[in-house]
Every structure is written in C-alpha cells, then in structure tokens.
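Encoded as structure tokens, the structure appears first; notes follow it.
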Amino acid sequence: MKKALAVLGLLAILTALVPMAAEAGGGGHHGWHRGGSRVFVGVGVGFPCCGFYPWPYYYPYYYPSYYPAPAVVYSSPAPAPTYTQPQAPQVDREVVFAEGRYILQGDGVSTPYKWVWVPNPPAPPSGPPPSATPQPR
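In structure tokens:
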C-alpha cells in the first residue's frame, strides 16, 4: 500500500513538472520571423473629460418617488380553532355461540378489557317418551 502511494505521488510530481521543462527547453513558438513581432499603435481622440455631458449624451437621473406608508390597522386575533375528539367506535360486547357466549367487561381505560365465558343453560327436558301402543283416533 505504501509503495503504491509513493508511485502515485511521484507520478503527480512528474506530471506537474513536465510543462516547466517544455518552457525551459525552448519548445515554445516564437512567431513567424523567428522572434520578430509587430506592434500596432492606434491614435484616437477620447471624449473630453468633464463633470457632465451635454443634453443628448446622458439621461437625467430621476430620484425615486416615495409613497406614504399604509395606515396601521389593528384587528382582533383570529379565534383559536376548536377540535372535538372523535367518537369512539362502538364495540361489540357480546359474541354468541351455540354452547354459550363471550361477554366483554371493562372500559379499556380505568378497567382493562376482559372476556368472560358464559355457558348457555341446559335445554329443558323433552316431553314424555313415545308409547309403543298406538292410540285410537
């Protein structure tokens, strides 16, 4: 790992020094006539230096117009919103089966919910057994 970092650092340094070596060796371009150059001199007359310019050469500065501040109006604060708690859904407190039923006791807040099994009462006894002899009609 250290060797790879050393090689990478050396490559970065050599890459940075290559442009300097090209400049030092005279590899740059010196013009068409081997170092000759042309100088163009332009003569011009500038605008007269004054504190102001005559009418057609400047636009007047208009100061911004100010408007009076709007009148301060106080109003009563908006009433605080009122929220009503949604109604709790109705809970089926009784689950009926053929053998009996479950009854839910408690309110879930102050008393925990509890399911209680209540068996059905036994069926009433049936009528007298049928007789073996047929009865007249």
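Numbers in my numbering are just positions in the sequence shown, counted from 1, shifted up by 146. Glycine included, every Cβ here is placed at the ideal spot set by N, Cα and C.
Of the residues the options, the one placed nearest residue i, counting alpha carbons only
i              : options                           : result
asparagine 263 : Ala224, Lys148, Ala269 and Gln251 : This sequence places tryptophan at residue 263; asparagine is not what is there. Ranking Ala224, Lys148, Ala269 and Gln251 by Cα distance to tryptophan 263 puts Gln251 first.
valine 255     : Pro275, Ala234 and Gly246         : Ala234
arginine 239   : Trp261, Ser221 and Ala224         : Trp261
alanine 244    : Tyr220, Ala217 and Pro267         : Pro267
Contact belief for residue i with residue j at Cβ below 8 Å, rounded distance in angstroms
i            : j           : result
tyrosine 284 : valine 241  : An answer regarding residue 284 cannot be provided, because it is not within the stretch 147 to 283 covered by the chain.
glycine 246  : proline 265 : 4 Å
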